[in-house]
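Peer 1: Residue numbers are given in the working numbering: position 827 of the sequence shown equals residue 881, and the series is strictly consecutive.
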Amino acid sequence: MTSNEEFIIAAPEGAVQLYLDPKGTDYKGLRRVAESLCADIRLVSGIAPAILTQAEQLTGTVIIAGPVGGNGLIGRLIAERRLDVAAIEGKRECYRLQIIEQPLPGVERALVVAGSDKRGTIYGMYAISELIGVSPWVYFADVVPQQVERLALPASRLNSSSREPSVKYRGIFLNDDWPSLGSWVTHAFGDFNEHFYDKVFELILRLKGNFMWPAMWSAEFSLNGASSPIANAVHADEYGIVMGTSHHEPLFRAGSEWQKVYAQYGTSNLWDFRRNSRAITAFWEDGLKRNGTYESLVTLGMRGESDSALEGTDQENIELLKQIILTQKALLKQYNLEHLPQVLAVYKEVETYWYGTSEAEGLKDWDVLQDVIILLSDDNFGNLRKIPEKHEQKRSPGWGIYYHFDYHGGPHSYEWVNTTPLEKVWEQMTMAFDYGIRELWVVNVGDLKPMELPVSYFLDLAYDYEAWGTDAVNRTAEYTEHWTRQQFGAGAQPETVAGIAQVLADYTRMNGRRKPEIIRPDTFSLLHHQEAQRMLAEALRLERAAAAYELELPEALRDAYYQLVYYPAAASANVNAMQIYAGLSRLHARRGSVFANSYAVLAEEAIQRDKQLEQRYNTGISNGKWQGMMSSPHVGYVRWDAEGWSYPEVSRIIPGPKAAMIVGVEGVEQGYTAGTAALPPFTNLLQERYLISVSTGGAGFQYQAVSSADWIRLEQEQGWVDSGAEIGVSVDWTKVTGAATGEIILTGAEVSVTVTVAVDWTDLAGFLPMTFIEAHGVVSMEAEHAISRVSRSGVEWKIIENYGRTLSAVKMFPAGVSFGQPEKAPYLEYRLFIRHEGEYLLSVYLAPTNHLSPVSGLKYAAGFDGEVPVTADALPPDYEGGNHSNGPWCRAVMDNAHVSVTRHPLTPGQHTLRFYGLDAGLVLQKLVLSRGPLPASYLGPQESFLTPHSVLLRN
C-alpha cells in the first residue's frame, strides 16, 4: 500500500472486523476498549465493526489489536518480520500502527495496533478514535462527531509509532464532589459505581492518562460497586487504570470508611494512631487484602480525620509518622506487596514533617522512604510550594506533584468553573518537570466538569512534554485552538474555531485575575482608571462573543458548545457584571442619585440570568442528561466555604418629589449639586476619554452641557434625565498645541455645576525610542516592554504571553537558578522620563510564587542609572504558602499577585531602571513608579505612554 492510499474502516456495504486474542492476559480490558472503539466507529459511520476472537473467522479488511507478547497473530507477524515493533519494544505505554497487506489467508488488509503493553494497545485503539474525529469528551461533553457514509483514513496517518510518555503516572482526582458531581451521579447512575467509573476510565485513557484518585467525600470506591462491592476496582484494573487513594487515605481505605466499620476492629472510633493503633492497623490490613492484587499506587502516611492535621507537636508528629509508615511497610511485606509502588504525600502540614524544623529532624533523609515516591503539592491555588533541590532531583523512586484546578478550603473555596489559565499551568508544571518531578502528576479536578480544557492540557503536557513543555513557550494559544478544533472543527469554519478559542482564553484569564466566588461590588475601582467600567465592558464583550459563536455552529454541536464554552464564559462574565452593577448602584446611592436604581435593576437581571444559565445547564441541554451537575454556589462567599453565600446586595433610593441634578466626575466619590468639580487632567500622551455622570435625586429634568473651548469634545450636549446619563468627554487634539484649560457648565433642575478641564502637554521632541513618560504622577510599565533583557550565567528572560492580570509576564529560564548578588543576575532595563524631584515608589507586580525551598524567597533588586540597586523580597518574613491562617499568602492567592514596594530618590528627566531577578520562580508582570501611594484599585494604573519604537523586544 502506498502512502497515498486509504484504509477503509466503514462503508455502506459494511465495516472492518476487529480481532482480539482471547488468550491474552489483558483480554478483558482490551475487550472493553475495543467495544468503545467500535461504538465510536458506529457513531461516525452508522455501522459498528464486529469483534472476533477466532483468527480463522477473519475476512476482508480487519483491525488486529494487542500487546507485543500478548497476541498470537501479532507475535506471528513480528516473527515473519512483517510487523516492525523496534520503535516500541521494551518501552512503556507505546503503540505502533501499521497497515499490512494479506497478513493471513482470507484477509486482504489489516491495520495492526501493537502495544508495548496493555495501555499502549489501548492508547493505539483510542488513537484511531481520535483520527476518525471522535473527541475524548464524546460522553462527558456530548461532542458529536461529524457523520460520514464512507469512513476511511489515509495510510500516511496510520503507519506510525507513539513516543513513551514523559511522566510515568498521569491522572486526575475527583474531589469536592458534592453538590454538583454527586447530585448528577446519583441521578444518572444511582451511586459512584462501575457504570459511572467505566465512563471516567475511558475518558482518562482517551486523554492518555493512566492514574486516578476516586471521589471520596461520601463515596467508597472499593465498596460502591453495583454488581459487587469491589466492582469499581476490578474494572479499573481491567482498563489498566492505576488506582490510588488520596493524600489522606492510606492503604486503599477511603476516608469515609473508618467511621462506618470501626466496630469490626474495636470499640473506639478514634482516628488516632497514638491511642487506637491496633484497630487502625487491622483496618489497613483489610485494605491490603481487598485491593492488593490490583495495579495501584499505595498511599502511605496518615493525616487527621476528614483531611485535617494530626494533633501534637511537630516532633511528636514526625515520630508518630515514622511509626505509622513502619507499620504500613510491615503490612505490605507481610502480604508480599512490598514491590508495589508507594507514595507519601507531602501536603499541607506534612511539608513541615518532611523538611523538619530547628528543633526536630524531618523525614527527608529517613532511609525507610528511599523507595517511596514523594508527592509534593501546590498551595491549593496552583502555585508550587517547595520543590526538589538540585542534588535531590534524581532520587530513584522519583517525585510527584499534586496540583489543583479546584479546592475546598481556606482562604476560600473555588469549585465552580475553570479559573486557572493554561499559561499558569504551563509556567508552574514546566517548572515542576524541570525540577525533576516526573514520576506522578495528579490534579484535583473537582466535579470534572467544566474543567474539560485544563484537564486535557494537563494530561497532554504530562504525556508529551517535548511538544508542550519548556521549549514550547507561548504555545498555549496554539493548544487552545487545537483543542477547540478537536471539539468543533468538523462543523465550524476556521475563523469560528479561532474565535471560540479566544473566548476560552478570555474567560479563563478573566477568572484568573480573581476567582468569581470572591469578586465583590468594590473589587474593581469604581473611581480610578475606569477600572470597573473597563472590566464591565470586557465581560459584556465576552458574553456577546460567546453567544455569537454559538449561532455559527450546527445544531448538533450546540449542547457541547454550551457545556465547554458558552456556560463557563457567559456565566463567569455575568458574575463579573453582576458585582460591578451592584457596586455602581451603591456608589450612586451614596450620591443620593436615582441612577442607583437603574444599576440595581441591571444587577438583579444579572442575578436572574445566573439562575437561568444554571437551570439550562442542568435541565435544558442534552435531553436533561446533566441534571444537578451545575449546582455549586459561586457568588458572594463570606467565609472559606459556601456557607452564607449570597448574591450581592444592591442599593436604591426613594426619588424625591422634585428634580435635583447630581453631577459625578471620575476620581471623586461625592456627587455635586452645585459649585465646581474637576476632571483629571487630559494628556497628549494618553489622549484620555473621561465620563461625567448627570443624574437626578427625584423627578426627571432636561440638562444642557456647554464647553468653554472648541477643543473640548462632548459626546452629548443635552438630554432628558429620568435616572441618569453619562457624557463622554475628550479633547480634539487637532485644536490643541500645548497646555490649556477650560470648563464645562452643566445646567438642569434650576442649578448649575462647573467642571474644570485641563490639558497637560508634553513635547515629545528629543525622546529616545521606547521611553515611558510620566503622566498623572505615575509611570506604569508592562514587564515585556523592556528596552533590553540581559542574560547572565546561561539564564535568560522570556516573555510568557497572556500570562498574569494585565498584558503578559517575563520569567527567567531555566527556572531552577537563583543568584545571591545583583551584579551576577540577569536583568531587565526600562527607559523612563519623570517630571519631578523627590522620592518615588516602585511597585512591582509579581505572580504569587511561594518559597521553592526552605531557604529561598522571592527576591529581586531594582536600581536606577547604575546606582547600587535596592534588594527586596516579595515574601515577608512570616510568609507561609498554603497556610490559610497566613494573611500575606491569603492576600496573594486571592489577588493572584504579590505587590512589593521599594523607594527611590529621583531627579526630573530621563532614567534607566534596571530590574534584577534573584530568586528562581520569580515572574514579573508589571512595574509602577509613582510619586506617592497609588489610589486604591485592583489592577493598578494602565500602562503609560511609550514613545514610538520600531520593534518590540520579543522572545
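Cβ coordinates follow ideal geometry from the N, Cα and C atoms, glycine included.
Pick out the complete alpha helix (DSSP H) segments inside the region 180-267, 4 residues or longer, and give them in chain order.
Peer 2: Complete alpha helix (DSSP H) runs here, min 4: 234-243, 248-260.
Peer 1: Can you round the beta-carbon distance between Val-471 and Ala-643 to whole angstroms, since I take them to be within the 8 Å contact cut?
Peer 2: That pair is no contact at about 31 Å.
Peer 1: Please state whether the Cβ-Cβ distance between Ala-928 and Leu-912 is less than 8 Å.
Peer 2: Yes, they are a contact pair.
Peer 1: With distances taken Cα to Cα, identify the nearest neighbour of Ile-854 among Val-864, Gly-848, His-958.
Peer 2: Per the Cα distances, Val-864.
Peer 1: Is Gly-646 near Ile-707, with beta carbons less than 8 Å apart?
Peer 2: Their beta carbons are under 8 Å apart, which means Gly-646 touches Ile-707 by this criterion.
Peer 1: What is the DSSP secondary structure of Asn-498, counted as helix, strand or coil?
Peer 2: The answer is strand: DSSP assigns Asn-498 an E or B state.
Peer 1: State the DSSP-derived secondary structure class of Leu-981, mapped to helix, strand or coil.
Peer 2: DSSP places Leu-981 in strand when its eight states are reduced to three.
Peer 1: Keeping to the same chain, check which residues put their C-beta closer than 8 Å to that of Ser-237; ignore five residues upstream and five downstream.
Peer 2: Cβ neighbours of Ser-237 beyond the five flanking positions: Gln-681, Gly-682, Met-683, Ser-685.
Peer 1: Near Glu-893, what residues of its chain come up, given a Cβ to Cβ distance below 6 Å and the 5 sequence neighbours on each side ignored?
Peer 2: For Glu-893, where only same-chain residues beyond five positions count, the Cβ hits under 6 Å are Arg-957, Pro-959.
Peer 1: Out of Tyr-899, Thr-353, Gln-666, which has the shortest C-alpha to C-alpha gap to Ile-378?
Peer 2: Of the listed residues, the one whose Cα sits closest to Ile-378 is Thr-353.
Peer 1: To the nearest angstrom, how far is the alpha carbon of Val-1015 from that of Gly-858?
Peer 2: Residue 1015 falls outside the range modelled here, since the chain spans only 55 to 1009, and no answer is possible.
Peer 1: Indicate whether the contact test is met: 3 or more Cβ pairs, each with one atom in the region 961-979 and one in the region 539-549, closer than 8 Å.
Peer 2: No, they do not touch.
Peer 1: Where does Thr-925 fall in DSSP's three states?
Peer 2: Looking at Thr-925 - three-state DSSP - the assignment turns out to be strand.
Peer 1: Using the three-state DSSP reduction, which class does Leu-72 fall into: helix, strand or coil?
Peer 2: Three-state result, Leu-72: strand.
Peer 1: Which residue marks the beginning of the beta strand (DSSP E) containing Asp-814, and which one marks its end?
Peer 2: Residues 805-814.
Peer 1: Within its chain, find whatever has a CB closer than 8 Å to the CB of Val-202; leave out the 5 residues flanking it on each side and keep chain order.
Peer 2: Only Val-98, Ser-99 meet the Cβ criterion.
Peer 1: So what does Trp-408 bridge to, in DSSP terms?
Peer 2: In DSSP, Trp-408 forms no bridge with anything.
Peer 1: Which one of Leu-84, Pro-702, Trp-851, Pro-121 has the shortest CA to CA distance from Ile-105?
Peer 2: It is Leu-84.
Peer 1: Using 8 Å as the Cβ pair cut-off and three pairs as the minimum, do the region 814-833 and the region 880-888 touch?
Peer 2: Taking 8 Å as the limit for Cβ pairs, the verdict is that the region 880-888 does touch the region 814-833.
Peer 1: Between Gly-174 and the rest of its own chain, which residues show a CB-CB distance below 6 Å, the 5 nearest in sequence each way excluded?
Peer 2: Around Gly-174: Glu-147, Cys-148, Tyr-149.
Peer 1: Taking the alpha helix (DSSP H) that Tyr-3 falls in, what are its first and last residues?
Peer 2: Absent from the structure is residue 3, since the part of the chain shown begins at 55 and ends at 1009.
Peer 1: Name the one or two DSSP bridge partners that Ala-732 has.
Peer 2: Paired residues: Thr-810.
Peer 1: Can you tell me the Cα-Cα spacing of Phe-194 and Gly-263, whole angstroms?
Peer 2: Cα-Cα distance, rounded: 16 Å.
Peer 1: Rounded to a whole number of angstroms, what is the C-alpha to C-alpha distance between Gly-454 and Phe-61?
Peer 2: Rounded to the nearest angstrom, the two C-alpha atoms are 41 Å apart.
Peer 1: Would you kindly work out how many angstroms separate the C-alpha atoms of Val-1005 and Ser-862, rounded to a whole number?
Peer 2: Interpretation of Val-1005 is limited by its pLDDT of 41, a score under 50 that renders its predicted location unreliable; the figure taken from the coordinates is listed afterwards. Going by the C-alpha atoms only, they are around 17 Å apart.
Peer 1: Give the C-beta separation of Gln-756 and Gly-802 to the nearest angstrom, bearing in mind that I take them to be a contact with Cβ-Cβ under 8 Å.
Peer 2: With 8 Å as the limit, Gln-756 and Gly-802 qualify as a contact, their Cβ atoms being about 6 Å apart.
Peer 1: Below 8 Å CB to CB, which residues in the same chain sit around Thr-56 once its five sequence neighbours on both sides are set aside?
Peer 2: Low per-residue confidence applies at Thr-56: pLDDT is 47, beneath 50, and the placement is therefore not dependable enough to give any value.
Peer 1: Let me check one thing: in DSSP terms, what residues is Phe-61 bridge-paired to?
Peer 2: Answer is Leu-207, bridged to Phe-61.
Peer 1: Using only the alpha-carbon positions, how far apart do Gly-678 and Gln-666 sit?
Peer 2: Rounded to whole angstroms, Gly-678 to Gln-666 spans 14 Å at the Cα level.
Peer 1: Using three-state DSSP, classify Met-55 as helix, strand or coil.
Peer 2: Bear in mind that the predicted position of Met-55 carries a pLDDT of just 45, short of 50, making it too unreliable to give a figure here.
Peer 1: By Cβ distance, which residues of its chain are closer than 6 Å to Arg-767, with the 5 residues on each side in sequence left out?
Peer 2: The answer, listed in chain order, is Ser-784, Asp-786.
Peer 1: Could you pull the DSSP bridge partners for Ala-759 from this structure?
Peer 2: Leu-800.
Peer 1: In terms of residues, what are the limits of the beta strand (DSSP E) holding Lys-865?
Peer 2: Unbroken beta strand (DSSP E) run through Lys-865: 862-867.
Peer 1: Could you check the C-alpha separation between Gly-78 and Lys-343 for me, to the nearest Å?
Peer 2: Roughly 26 Å between the two C-alpha positions.
Peer 1: Please classify Trp-774 as buried or exposed, where buried requires at least 16 neighbouring CB atoms within 10 angstroms.
Peer 2: Trp-774 is exposed by the Cβ-count criterion.
Peer 1: From Glu-311 to Arg-224, what does the alpha carbon distance come to, in whole angstroms?
Peer 2: Rounded to the nearest angstrom, the two C-alpha atoms are 26 Å apart.
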